Amino acid sequence: MKKYFYAVLAASGLLFLNPAAASASLPHSLLTENPTEVKAERKAAKAAAREQAAAAKQVSKMKKLSVKSHRLGNKLEHLMLVVLGMEESKTVTSPRQLKRQLHSHQKQLKMRAKLSARARRSHTHD
């Protein structure tokens, strides 16, 4: 803790004794007296910021385009393998899924038959 305190004390002492070093750390716009120079510096800074934003936007655009083209390439590769018969199409349903679909369809038919039988019985007894 003492070493840290002495280091801070020494650094502040150097800044206090050497005002030229302290003024060198201030931004250039605060040191200039001419307002036209300040305006020119601000314009340059704004232009640089705009260029940097445009470059970042371009990089982002290229990344998105790269991802899209990569996906398209994967889809075309899969399609080619399906056409050649080396892979199954993604539209082919698995036997487990077919069994589940059949079971749910049979349940629906059973429920409809039960409801229609109930309706027939209630209409014939009236």
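Just so you know, the sequence shown maps onto residues -24 to -1, 1 to 102 in mature numbering (1 follows the signal peptide of the UniProt record, and there is no 0). We put the beta carbon where it would ideally sit given N, CA and C, even for glycine. No experiment lies behind these values; they were computed from the predicted model shown.
Glu63: not part of any alpha helix (DSSP H); DSSP gives it neither H nor E.
Straight-line spacing of the CA atoms in Arg47 and Lys15 works out to 48 Å. Rounded to whole angstroms, the separation of the alpha carbons of Arg97 and Lys86 is 17 Å. Leaving aside the five residues that flank Glu53 on each side, none in its chain has a CB nearer than 6 Å to its CB. In this structure, the alpha-carbon of Ala93 lies about 10 Å from that of His99. In this structure, DSSP gives Thr12 a helical state, which the three-state scheme calls helix.
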